[in-house]
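Just below is one structure, and these are the notes that go with it.
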Amino acid sequence: ERLPEIAKNAIADACTGSNPRIPTQEEMEKLLKCCYYDTEVDF
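The numbering of the sequence shown is our numbering, which starts it at 277 and goes up by one.
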């Protein structure tokens with residue numbers, strides 16, 4: 277599965293640094309899963 281790599285790249289993206297909350301690797305993976313499966317982000 278490539279999810280860890282995708283999450284790592286998303287965290288490294290310049291746009292992520294301008295967010296008020298910088299996600300951890302684990303949070304980014306959970307966020308990507310929520311987007312993919314169309315589930316509520318509750319964290």
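Beta carbons are placed, not taken as given, at the ideal position from N, Cα and C, and that holds for glycine.
When burial is assigned at 16 or more other CB atoms within 10 Å of the CB, is residue i buried or exposed?
i	result
A345	Only positions 277 to 319 of the chain appear in the structure, and residue 345 is not among them; the question remains open.
E277	exposed
Can the beta-carbon of residue i be found less than 8 Å from the beta-carbon of residue j?
i	j	result
L308	L279	yes
I287	P299	yes
So, for residue i: in the same chain, excluding its five sequence neighbours on each side, which residues have a beta-carbon less than 6 Å away from its beta-carbon?
i	result
C310	V317
Once you ignore the five residues that flank residue i on each side, which residues in its own chain have a CB closer than 7 Å to its CB?
i	result
K284	Q301
F319	E303 and K306
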